[in-house]
Structure formats: C-alpha cells, structure tokens
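Q: My questions all concern the structure below.
There are 4 protein chains.
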Amino acid sequence: MTADNPHDGRKVRAEERRNKRREEILSAARKVFSIKGYHASSVADILAEAGIARGTFYLYFPSKRTIFDELLEGMVSQITGCVRRIDVGPNTAHHLEQMFDNIQAVVDVLEGNRELTIILLREAVGLDADFDQKLNAFYYRLYDMVERALSLGQTMGLVRPCNTRLVSYFVLGSVKEMMLQLLTDDHASGLDRETIVREIMDYNLRGLFRDPTVEPSA
Amino acid sequence: MTADNPHDGRKVRAEERRNKRREEILSAARKVFSIKGYHASSVADILAEAGIARGTFYLYFPSKRTIFDELLEGMVSQITGCVRRIDVGPNTAHHLEQMFDNIQAVVDVLEGNRELTIILLREAVGLDADFDQKLNAFYYRLYDMVERALSLGQTMGLVRPCNTRLVSYFVLGSVKEMMLQLLTDDHASGLDRETIVREIMDYNLRGLFRDPTVEPSA
Amino acid sequence: MTADNPHDGRKVRAEERRNKRREEILSAARKVFSIKGYHASSVADILAEAGIARGTFYLYFPSKRTIFDELLEGMVSQITGCVRRIDVGPNTAHHLEQMFDNIQAVVDVLEGNRELTIILLREAVGLDADFDQKLNAFYYRLYDMVERALSLGQTMGLVRPCNTRLVSYFVLGSVKEMMLQLLTDDHASGLDRETIVREIMDYNLRGLFRDPTVEPSA
Amino acid sequence: MTADNPHDGRKVRAEERRNKRREEILSAARKVFSIKGYHASSVADILAEAGIARGTFYLYFPSKRTIFDELLEGMVSQITGCVRRIDVGPNTAHHLEQMFDNIQAVVDVLEGNRELTIILLREAVGLDADFDQKLNAFYYRLYDMVERALSLGQTMGLVRPCNTRLVSYFVLGSVKEMMLQLLTDDHASGLDRETIVREIMDYNLRGLFRDPTVEPSA
DNA sequence: TATGAATGAGTCTTCATTCAT
DNA sequence: CATGAATGAAGACTCATTCAT
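Now the structure itself:
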C-alpha cells in the first residue's frame, strides 16, 4: 500500500503519463474547437494538433462529442465554483464587495480560459437537445443566483423594484456579450480587467440601486 | 392590358402559386432550423416538414445553406429596417421616446418572429467564415448605432461618462439574452410587451443617466 | 379519302406541324449533343435550344436516350444508304471508280452532317451495352463491305495478299480518324473534299494494289 | 541503417501494403471502366469489384474522376515512353527498322494493357473540357511525331508527296481502329503480334513509299 | 397539344468510429 | 499502449421522367 511498492509505483507513473496524455489531447481539442468551432472541427484536426494517431484519441475519449462536453463541463464547473453566494450581512458595502468579487472572479476565469470561453459562448448551443439541456441547467443556476441576490437586495431596500427574472437575463446577457466580443475581436481587447469589471459594475448597479447617491465604483 | 387577359392571369396565378410554395418551404425550414439547429437539421427534415419531394426543394432553393441564409437575411433586414436613427432634438424626453420606440420596434419584430429570432440568436454563429462575417457586420452596425447614441448622449450631458464600446456590448447583450430566454423557455413567457420594454428601459437608462432624478418609465 | 376532305386536311396539317416540331427538337438535340457530348448534355439544354417546355419534349420523344439513338440511326442509315456494293465488272478502272465514288459519297455525308458525325465518332461508344451492340452491328456491316471488296480484289488479282479483316479495320479507321480531326479542329479544316478523297485513295490504294504501276489518282 | 531496423521494416511493409491496396483498387477500377465505361460505372461498382468499403476508396483516391485520370495517364505515358524518335541515318532499312520497332512497341503496350487500351480508345473522349484537352495534347504529340517522320521521309525521297497532316491522321487512325477491334471482339483476336505488326507496316508503307519496288516485309 | 411544377431514384463524398497489428 | 487502415452510415445534390392543368 505504500508508495515505494514497485508495483504501485509503476501504476502511479503510468497513471501520470495517462493523465498527461489526456491533458494534451484536451488542450489540442480546446484550441481547435475555439478556432474552427465544433462542427467545422474534425477529429482529424484534433489529431493533427495533438500529434497523435486516430486510435489513440479513442483510447482516451469515447467520442468527439464527449471531449467537447468535458471541455465545457470543466469551464462550467470553474465558473460555478468561483462564484460565492452573497453572504447576508448588515452593511451595504459588504454586499457590493461580494458582488464585485464574484464578477471579478468570473471575468478572471473567462479571461483565463479565452479558448473555452469562446467555445462556451459561441458554439455550445444547438448541438443537440441533450447538450442544450445541460447548458440550460447551467445558465438557470446562474440566473437563479443572480435572481436570488436581486430579491435579497430588494428585501433589504438596496435594489429598486423590478422583474428579477428579466433582470437576471439582462445581467448575464450583458456580461456574456461583452466577454465574447472582447475575446473575439482583436481590436476590441486591450482593456485591463479592472476597467472591465468597473464598467460592468457601473452599468449594472447604477441601474439597479434604488438610492442613486450610492457610488459603487471607487 | 387589363388584368383579365387570360394569359396574364395564368402567369400571375402561377407566380402566386410559386411564391406560396416558396413560403411553405421557407416556413418549414424556419421551424426545423429553430428546433434542431442548422447542423442537426437535414434537408430531409425540411422535406418532411414541408411535405415535398427532394427535387422540389432544389427547385426553389439551390442549397440547404442558401435557405438558411435567406431566413436570417430576412430577419436581419427586418431588424435593421425597424430601427430609426435617433433624431437630435432639444429636449430629453424626445430622445427617450425615440429610444423607447426603437426598442419596442425591435422587440416587436423579435417576438413576431419567434422561430427566426431563436435561429438568429442561437445558431447563426460558427457556421463558416463567410456567414460569421455577415453576421458580425450586422452586429457591428447595431453596436455602432448604440455607441453613437451613447456618445451623443454624453455630449449632451445626458449619459454618464463610460466606455461607450463596452457599454454598447452590454446593452445589446442584455436584450439578446433576455429575448432568447423569453422565446425559448415556455414558462418564462407570459410577460406583455409593455413590461418587457419598460424593464429594458429601466435597466439600461438608470445605469446610463448621469442625473438619477430622471424617471424614464412613466 | 380525297385530299379535300376537310377532316383529312386538318389531319394532314396537324401531321405536318407535328413533324416540323419533331425536326426542330431533333435539330436542337443534334446541336447540343455535338457540342457538349451525350452525358454533359441535359434535357434542359435541349429544351433551351429548342425553345420548348419539358413536357413537350416527352410528347415527341420517350427519352433522352431515344432522341440520341434516333439521331445516330439517321446518320447510320445515311451512310449505309450512300454506299453502293462494288459491281463486279471486267476492268479495273471501273472498280476503282466505284470505290472512289463510295468514299466520296461517305465523305460527303460526313461533311454534310458535321454535328452528327462528331457525335457518331466521339460519343456513340460506351453509352451502354445495348447501344454498343447496335453500333458494332453498323461497323461490322461496313467492315464486311470493305472486306468483301478486298477479297474480290484479291481474287481478281488487283489487291495484294493480306489479312482482309485487319485491313478493313485499317481502312475504316484511317477515314474515321481523319474525319473526326477535320471536323473537330478548327485549324485543321480548310481542305476541299477533292483533296481529302484523293489523299484517302492514294493512301489506301497504293498500299493495297499489288501492281505499283497503277496510278489511282488522276 | 540496415533494413532490419524494426521500425524501418514496419514502415516499409506498411508502404508496401498501401501500394498493394492502391493497385488492387486501380485494377478493379480498370476492369470496371473497361467493361461499363466511365459514366456507366459507379464508385459502388468499383467498390464491389475491389471488395472494399466506400470510405476505403476515398482513402486512396480523392474522386472517381481522379482514379480514371490516373489510369489513363499511366497508359498515355507508357505509350509515349515506348516510342523512340526516328534516328536520322544514311540508309533506308535502318529507318524502317526503327519505325517497325516503334509500332511493335506500341502494339505490345496496347496488347499488354487490354483493359486500359479499351478505355483509352473508347471512353477517353467527351468526359469534359479538361480531360479532352489532355487527351488532345497526347494525340497531337503522336500526330506530330508521325508528321515529322513523314516530312523527313519526303526530304530523303523515301516518302511520296502527300499532305503529311492528313496522312498522320490516317496512320494513327488505322492503328487505333484495329487495336480496338482486336481487343474488343473476342473472335477477332487470335492473331499473333508478328502478323499484326507486319500487316500494319505493309498497309502503311506500300502506300507511303514512292518507290514501289521496296519490299518492307521480309 | 403544351406546359412546367413535382418527383425520387441514384451518385458522389465525408467523417466519426472500430479493430487488427 | 499506440497505430492508422478500414468501415459504412449519413447527407447533399442532380436530373431524367411524370402528370395535373
């Protein structure tokens, strides 16, 4: 059971090599998908990018579709994972900070996974009913988080009266569109993360706060 | 010269029948594409939906791709056509009204073409370089319109200082996301157009206006 | 029964119109086939050339294949019809004259039906087993005529000993190739019929005659 | 560096297998095309003949057209390659021998590639402008060789005055027709190569030589 | 008789997946 | 484990022929 068991050691190293290979293929697929899109990308493209043989691919992934799923699942869980539920506290600033942190975290993840983000925002829709379902579930979860935050804010008198469901669409939609354009258009980038997040906050909060005297962005 | 010339009459009726058939096929394609997406839809699906034979399809449209293009082009031109450039006048209310009218017009078009809107918002990306180009051109045009309106608003002291490009992404993104969700989710609809437009205006304007005392929604 | 029976007259005129139409279509098909070849020619091409509707074509000919057959049959019977069996007479010159006349007649027919000749020589092979059969029958008949003439010539001591079958291939082959090239290449034409026939005679006879002192071409 | 390097060995054997398979498919296509002709042959026919799956075909050849081209190109280059330009020497016999060798070589190639010859002589015309071009270029080259040989012969006083272009058509035409008939008709074969070549020589030379006392065939 | 819209069998080609080596 | 040749289902498109008007 100890690590110095030669049998286990071999196993471990084999496992490591296998994982390394897996990652290489995933990486190649990520690149290919983000450039050409799911449908325009062939398994052959991934093979070429990864420098492996056809059979090898299917040794690690059961299908083209599966590897795409896995890439997106990873992205989805990263995003879901980086968002923290707003902690109900006594003072406003605290909530704002949490919201700010959340947005910043999400933007960080998106920017840090340029390729996956592009895939998620452009290609991950309309593949088939199965996948649409999954993706919808993901987005619903995000909508719900935003919606609950809004409701909470309304209860606390921080957020003006509004249809929270609709506004949750607005909030996520505005972020999605901006991120996609920023990552896609070469001449649209060049903005630092700070600016981006502040613009998001300003845009959203000034529209959401009942009390216009609050100044969210320092 | 009169319409009751039998020859002309026959011609006219033939033309009518032809257009009717074309519309039927377009309609079938619209439905199929909006449900299954471009790639998952086969010409056979369209034939089945339209109740016609293979050859008939190609009698009216040269390819699967072409009919898809035509559907989207129609949608794009409807949207582009219903938007009026904001007329620069002396008083704020006037501008707001114009903006309101524009948004209302767009929302009307989108709601009136549920299937096409779904296609436009979900599927019309990543098909191929050619089409992406066209679609980008369309969105750029919209971005520019919004951006120019924002700049004008800033000049006139109505709009707070902001990165107008980024904010144009926000504005369109929020509307796109909301419309897609509204048209896609069965339980999310049920909102009347009035409410939707007012929410859009509130959400956007309260974030954009420098003077928070303005009350855009009556 | 007389021609002035109004009913018969109408019938006759109808028959005439019908034949005229038939000829127009045949003519259009001839042109189209000779330019684009059988396979590259579509029924639509013929319709366009003839200025008729799809259905009309099938009112006169049961299929694309049939009209092609008919064109070639016409050509074949013209050729077969213009060749006269060599009349066995006592003197050589007479035979030569007959041969000369035959060749001249064939060349006349071929030159007078440029389009059909091209079709016959280029396209009328490899269509399908059925047609190949027919065409072979036609050529066999020609081979046989030449072969019998050669045998006769040998019996009469005019033709040198040779494999008459092989030589019949040579004779027809040389004429076929030349005609095709002459009709096909624009810069190869310009030769008058006289020259062509004399060259054919010289080429063939000087090789076939045992007695080299004979001077076939005047 | 030696051949028994296991890696190289495997590579070499793989290459061999690939070539073998290629040849099998080529062979199947050759057979199918020579029997049914290009247009009447479907890729499915070739697959059935070769005993392979659809995909396999396209693994070795990009299209039906391509494999046909390759077959003919091979035949064309074999023919072109086996013909030697007549070497200008002082005595007649020498020239005749060279001519004889050339004809013999061509006949050998044609007889040794029965199927390809049939394809070349029957089908390789009227496929499309592209291919007709190629084939014409090939024939023009042959015509030119014959024509130049004739001109040379005329200069040397060996060949009687004649239109060398026309006669080059005669010469090639006679050989083409005979070969096609010989290879196509089952009952027409049975002649040995010697006889065939001698008949060709006799037929052509006795018509071309000014001096009829020359006896080309021993 | 003439029309031309409709038909659908037939073909080529692609590409994700399998499997023997 | 790795390989890449082989597979064959699936899909787009053509065009000769039919038939209702």
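Chains as they are written, first to last, in the numbering used here: chain A, 46 to 263; chain B, 46 to 263; chain C, 46 to 263; chain D, 46 to 263.
Note that beta-carbon positions come from the ideal geometry of N, C-alpha and C, so glycine has one too.
Which value, in whole angstroms, describes the spacing of the CA atoms of residue 152 of chain D and residue 95 of chain C?
A: Translated into the one-based positions of the fourth sequence, residue 152 of chain D becomes position 107. Translated into the one-based positions of the third sequence, residue 95 of chain C becomes position 50. For residue 152 of chain D and residue 95 of chain C, the distance between alpha carbons rounds to 45 Å.
Q: Between the alpha carbons of residue 188 of chain D and residue 237 of chain C, how many angstroms are there, rounded?
A: Residue numbering aside, residue 188 of chain D sits at position 143 when the fourth sequence is read from its first letter. Residue numbering aside, residue 237 of chain C sits at position 192 when the third sequence is read from its first letter. Rounded to whole angstroms, residue 188 of chain D to residue 237 of chain C spans 21 Å at the Cα level.
Q: Please classify residue 104 of chain A: is it buried, with 16 or more other beta-carbons within 10 angstroms of its beta-carbon, or exposed?
A: Within the first sequence, numbered from 1, the residue matching residue 104 of chain A stands at position 59. Exposed, because fewer than 16 other Cβ atoms sit within 10 Å of the Cβ of residue 104 of chain A.
Q: For residue 75 of chain A, is the classification buried or exposed, using 16 other Cβ atoms within 10 angstroms of its Cβ as the cut-off for buried?
A: The residue you call residue 75 of chain A lines up with position 30 of the first sequence. Buried, since its Cβ has 16 or more Cβ neighbours within 10 Å.
Q: For chain D, check one thing: does any of its Cβ atoms lie closer than 8 Å to the Cβ of residue 207 of chain C?
A: To locate residue 207 of chain C, count along the third sequence from 1; it is residue 162. Yes, its Cβ sits closer than 8 Å to a Cβ of chain D.
Q: For residue 223 of chain C, decide whether its Cβ has a neighbour in chain D, counting only Cβ atoms nearer than 8 Å.
A: Within the third sequence, the letter at position 178 stands for residue 223 of chain C. For residue 223 of chain C, the answer is yes, since a Cβ of chain D falls inside 8 Å of its Cβ.
Q: Looking at C-beta atoms only, is the number of pairs between the region 106-125 of chain C and the region 198-215 of chain C that lie closer than 8 Å three or more?
A: The region 106-125 of chain C vs the region 198-215 of chain C: no contact.
Q: Within the 8 Å Cβ cut-off, does residue 264 of chain D reach chain C?
A: With chain D running from 46 to 263 in the structure shown, residue 264 of chain D is simply not present.
Q: Find the residues of chain D that neighbour residue 194 of chain C, judging by a C-beta separation of less than 9 Å, and give them in chain order.
A: By one-based count along the third sequence, residue 194 of chain C stands at place 149. Those do not exist, as residue 194 of chain C stays about 15 Å from chain D at its closest Cβ, beyond 9 Å.
Q: Relative to the C-alpha of residue 174 of chain D, which residue among C:63, C:65 and C:82 is closest?
A: Taking the first residue of the fourth sequence as position 1, residue 174 of chain D is located at position 129. Residue 174 of chain D has its Cα closest to that of C:82, out of C:63, C:65 and C:82.
Q: The alpha helix (DSSP H) with residue 214 of chain B in it runs from where to where?
A: Indexing the second sequence from 1 puts residue 214 of chain B at position 169. Run containing residue 214 of chain B: 209-229, per the alpha helix (DSSP H) assignment.
Q: Does any residue of chain A bring its CB to less than 8 Å from the CB of residue 212 of chain B?
A: In the second sequence, residue 212 of chain B corresponds to position 167, counting from 1. Interface residue, yes.
Q: Give the straight-line distance between the Cα atoms of residue 130 of chain B and residue 93 of chain B, rounded to the nearest whole angstrom.
A: The sequence position of residue 130 of chain B within the second sequence is 85, counting from 1. The sequence position of residue 93 of chain B within the second sequence is 48, counting from 1. When rounded, the distance between both Cα atoms is 42 Å.
Q: Provide the residue span of the alpha helix (DSSP H) that contains residue 181 of chain A, from first to last.
A: Residue mapping note: residue 181 of chain A aligns to position 136 of the first sequence, counting from 1. 174-200 is the extent of the alpha helix (DSSP H) around residue 181 of chain A.
Q: For residue 65 of chain C, is the classification buried or exposed, using 16 other Cβ atoms within 10 angstroms of its Cβ as the cut-off for buried?
A: Walking along the third sequence from the start, residue 65 of chain C turns up at place 20. Exposed, by the Cβ-count rule.
Q: List the whole-angstrom C-beta distance separating residue 220 of chain B from residue 248 of chain A, where the pair is believed to meet the contact cut-off of C-beta under 8 Å.
A: Translated into the one-based positions of the second sequence, residue 220 of chain B becomes position 175. Translated into the one-based positions of the first sequence, residue 248 of chain A becomes position 203. That belief does not hold up - the Cβ atoms of residue 220 of chain B and residue 248 of chain A are roughly 13 Å apart, past 8 Å.
Q: For residue 217 of chain A, return the contacting residues in chain B, with the cut-off set at a CB-CB distance below 8 Å.
A: Here residue 217 of chain A refers to the residue found at position 172 of the first sequence. What residue 217 of chain A touches in chain B: 222.
Q: Taking Cβ-Cβ distances shorter than 9 Å, what residues in chain B pair up with residue 244 of chain A?
A: Translated into positions along the first sequence, residue 244 of chain A becomes position 199. Result: 207, 208, 211, 212 and 215.
Q: Should residue 249 of chain C be listed as close to the ligand GDP, given that the test is whether its C-beta is under 7 Å from any heavy atom?
A: In the structure on display, the ligand GDP does not appear, and there are no ligands present to speak of.
Q: Measure how close the beta-carbons of residue 162 of chain C and residue 246 of chain C come, nearest whole angstrom, since I'm counting them as under 8 Å.
A: Translated into the one-based positions of the third sequence, residue 162 of chain C becomes position 117. Translated into the one-based positions of the third sequence, residue 246 of chain C becomes position 201. At roughly 20 Å, the Cβ-Cβ gap does not stay under 8 Å, so residue 162 of chain C and residue 246 of chain C are not in contact.
Q: Report yes or no: is there a C-beta of chain A within less than 8 Å of the C-beta of residue 226 of chain B?
A: The residue you call residue 226 of chain B lines up with position 181 of the second sequence. Yes, residue 226 of chain B lies at the interface with chain A (some Cβ there is under 8 Å from its Cβ).
Q: Excluding five sequence neighbours on each side, which residues of the same chain lie with their C-beta closer than 7 Å to the C-beta of residue 192 of chain A?
A: Counted from its first residue, the first sequence places residue 192 of chain A at position 147. 209, 210 and 213.
Q: Would you say residue 85 of chain C reaches chain D, if we count a Cβ-Cβ gap shorter than 8 Å as a contact?
A: Counting from 1 along the third sequence, the entry for residue 85 of chain C is found at position 40. Chain D, which has a Cβ nearer than 8 Å to the Cβ of residue 85 of chain C, makes this yes.
Q: When the Cα atoms are used, what is the spatial distance from residue 70 of chain C to residue 107 of chain C?
A: Residue 70 of chain C sits at position 25 when you count from the first residue of the third sequence. Residue 107 of chain C sits at position 62 when you count from the first residue of the third sequence. Approximately 13 Å between the Cα atoms of the pair.
Q: To the nearest angstrom, report how far apart residue 149 of chain A and residue 139 of chain A are at their CA atoms.
A: Mapped onto the first sequence, residue 149 of chain A falls at position 104. Mapped onto the first sequence, residue 139 of chain A falls at position 94. Computed Cα separation, rounded: 15 Å.
Q: Can you name the residues of chain D whose CB is closer than 7 Å to the CB of residue 173 of chain C?
A: By 1-based counting over the third sequence, the position of residue 173 of chain C is 128. The contacting residues are 85.
Q: So, helix, strand or coil for residue 139 of chain A, using DSSP?
A: Residue 139 of chain A sits at position 94 when you count from the first residue of the first sequence. Looking at residue 139 of chain A - three-state DSSP - the assignment turns out to be helix.
Q: Is it buried or exposed, residue 62 of chain D, if we count other Cβ atoms within 10 angstroms and call 16 or more buried?
A: Residue mapping note: residue 62 of chain D aligns to position 17 of the fourth sequence, counting from 1. It counts as exposed.
Q: With a threshold of 16 other CB atoms inside 10 Å of the CB of residue 182 of chain A, please say whether the residue is buried or exposed.
A: As a position in the first sequence, residue 182 of chain A is number 137, starting the count at 1. By the 10 Å Cβ count, residue 182 of chain A comes out exposed.
Q: If I follow the unbroken alpha helix (DSSP H) through residue 102 of chain D, where does it start and stop?
A: Numbered from 1 along the fourth sequence, position 57 holds the residue referred to as residue 102 of chain D. Taken as a continuous stretch (DSSP letters only), the alpha helix (DSSP H) holding residue 102 of chain D covers 99-105.
Q: Write down every uninterrupted run of the alpha helix (DSSP H) in the region 57-118 of chain C whose length is 4 residues or greater and which is fully enclosed by it, in chain order.
A: 88-95 and 99-105, all fully within the region 57-118 of chain C.
Q: Step through the CB atoms of chain C and report whether any lies within less than 8 Å of the CB of residue 240 of chain D.
A: Translated into positions along the fourth sequence, residue 240 of chain D becomes position 195. Chain C, which has a Cβ nearer than 8 Å to the Cβ of residue 240 of chain D, makes this yes.
Q: Assign residue 194 of chain B to buried or exposed, taking buried as 16 or more other Cβ atoms, counted over all protein chains shown, within 10 Å of its Cβ.
A: In the second sequence, residue 194 of chain B corresponds to position 149, counting from 1. Buried: at least 16 other Cβ atoms inside 10 Å.
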